[in-house]
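Each residue of the sequence shown is one higher than the last, beginning at 343 in this note's numbering.
Backbone N, C-alpha and C fix where the C-beta goes; we use that ideal spot for every residue, glycine too.
Data block below; observations after.
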Amino acid sequence: MKVVRYAVGGEARLGLVVSDERVAELPGGDDLVEWLRGGKLTQSAFARPLSECRLLAPVARPSKIIAVGRNYRSHNSEMSAGDGRFPNVVPSAWIKATSTLTGAYDDIVKPRATRKLDYETELAVVIGKRCRHVREEDATSVIAGYSIASDITARDVVATERAEGNQLLGKMFDTFCPMGPWFVTADEIADPMNLALRTRVNGEVRQESNTSNMIWPIPKLIAYLSQMTLEAGDVILTGTPSGVAMGHKGGDWFLKDGDVLESELGDIGAMRNRIVDAPDAPTSWEWKS
Numbered sequence: 343m344k345v346v347r348y349a350v351g352g353e354a355r356l357g358l359v360v361s362d363e364r365v366a367e368l369p370g371g372d373d374l375v376e377w378l379r380g381g382k383l384t385q386s387a388f389a390r391p392l393s394e395c396r397l398l399a400p401v402a403r404p405s406k407i408i409a410v411g412r413n414y415r416s417h418n419s420e421m422s423a424g425d426g427r428f429p430n431v432v433p434s435a436w437i438k439a440t441s442t443l444t445g446a447y448d449d450i451v452k453p454r455a456t457r458k459l460d461y462e463t464e465l466a467v468v469i470g471k472r473c474r475h476v477r478e479e480d481a482t483s484v485i486a487g488y489s490i491a492s493d494i495t496a497r498d499v500v501a502t503e504r505a506e507g508n509q510l511l512g513k514m515f516d517t518f519c520p521m522g523p524w525f526v527t528a529d530e531i532a533d534p535m536n537l538a539l540r541t542r543v544n545g546e547v548r549q550e551s552n553t554s555n556m557i558w559p560i561p562k563l564i565a566y567l568s569q570m571t572l573e574a575g576d577v578i579l580t581g582t583p584s585g586v587a588m589g590h591k592g593g594d595w596f597l598k599d600g601d602v603l604e605s606e607l608g609d610i611g612a613m614r615n616r617i618v619d620a621p622d623a624p625t626s627w628e629w630k631s
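Right, dumping it as structure tokens:
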């Protein structure tokens, strides 16, 4: 089933997509994490048109978002010119702040700090229960379902931070993790390792691949990452293939004010986010060009 977190007016709620155009409310609040932990939610008889709902990120308060990088060889090649810098001894991963989450149709705010705003369409895996030291062969038992996400990145900010020996704001600005449009339960995805992935910017295809091309498949990622405790509702972003703006050598593909980013993944669905410049506001930090 497809579970949505949505708002009508100012109130966030959980709902079940009962058709392509209607949502039935799930009474009990908007917390998908509590539902995953065993809360019993009963479908309401009342259903409203999907068009009346603002779809929010399906997981509101995950304890962590774990982003995996360098998980497609094609992306490694475009980013490193094939120089072999990425031996893939272990998955490359970091924590992305929950404040980056935004909805599948919400605006992505381009900070004044960046001129190189980039996109990375990824399969998002949602953990269903508290677990640790999960074996590869048991990985499917801890997966609640899947969604779509984009690991939005300010490449120039990342470069500045890495020169200082860290990576933080370049991946962490608000709205830098659009997710949705819904959470699809694991039983509805026959093979998460065989989903078509596509990214468009203003209608132009930028990324086109398949999750079968991951270096570290989902079971291996969970086995590695679950050396720390994973909680119900935790989100794992599984990496992106080639076609990002940073890897393009034929012109400027970076996202700009007014661009429309579409992220599509298999039978899960698609996101559509507009890029908007951050409004002028006082700041305590001035970025040097």
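CB contact flag (residue i, residue j, <7 Å)
i    : j    : result
W558 : P400 : no
I578 : D601 : no
V526 : I408 : no
P520 : S551 : no
D619 : K452 : yes
R396 : K458 : no
E363 : P391 : yes
L607 : L537 : yes
D373 : R355 : no
G522 : V410 : no
P534 : Y488 : yes
V586 : D460 : yes
7 Å CB neighbourhood of residue i in its chain, flanking five on each side removed
i    : result
M421 : M588 and G589
T440 : R403, P404 and I407
A389 : V360, R364, V365 and A366
R667 : What is shown of the chain runs 343 to 631, which leaves residue 667 out entirely.
Element boundaries [beta strand (DSSP E), containing residue i]
i    : result
V499 : Unbroken run through V499 is the alpha helix (DSSP H), R497 to A505; no beta strand (DSSP E).
W436 : S434 to K438
P520 : C519 to T527
D619 : G611 to D619
K452 : I450 to K452
Y488 : I485 to S492
V577 : V577 to L579
Endpoints, alpha helix (DSSP H) assigned at residue i
i    : result
M421 : R415 to S422
L511 : L511 to M514
Where residue i falls, given that 16 or more other Cβ within 10 Å makes a residue buried
i    : result
P621 : exposed
D599 : exposed
E628 : exposed
A501 : exposed
G351 : exposed
T495 : buried
G545 : exposed
L510 : exposed
A532 : exposed
D529 : exposed
E353 : exposed
S492 : buried
T482 : exposed
Beta-carbon contacts of residue i that lie in its chain and below 6 Å, excluding the five residues immediately before and after
i    : result
R614 : Y447 and E604
R474 : S568 and T571
Same chain only: Cβ atoms within 8 Å of residue i, ignoring 5 sequence neighbours per side
i    : result
A574 : V375, L378, R379, I469, G470, K471, R472 and A486
E479 : P561
E503 : Q509, L510, L511 and G512
A423 : Caution is warranted here: a pLDDT of 49 is assigned to A423, below 50, making its placement in the model unreliable, and the coordinate value is therefore given only provisionally. Here the set comprises nothing.
_Every unbroken beta strand (DSSP E) within the stretch 343-415, with a cutoff of 3 residues, ordered by chain_ = If only uninterrupted beta strand (DSSP E) runs of at least 3 residues are considered, those enclosed by the stretch 343-415 are 344-350, 353-361, 364-368, 389-391, 396-398 and 407-411.
_Which runs of the beta strand (DSSP E) at least 3 residues long sit entirely within the stretch 529-561? Give them in chain order._
Runs found: 538-543 and 546-552.
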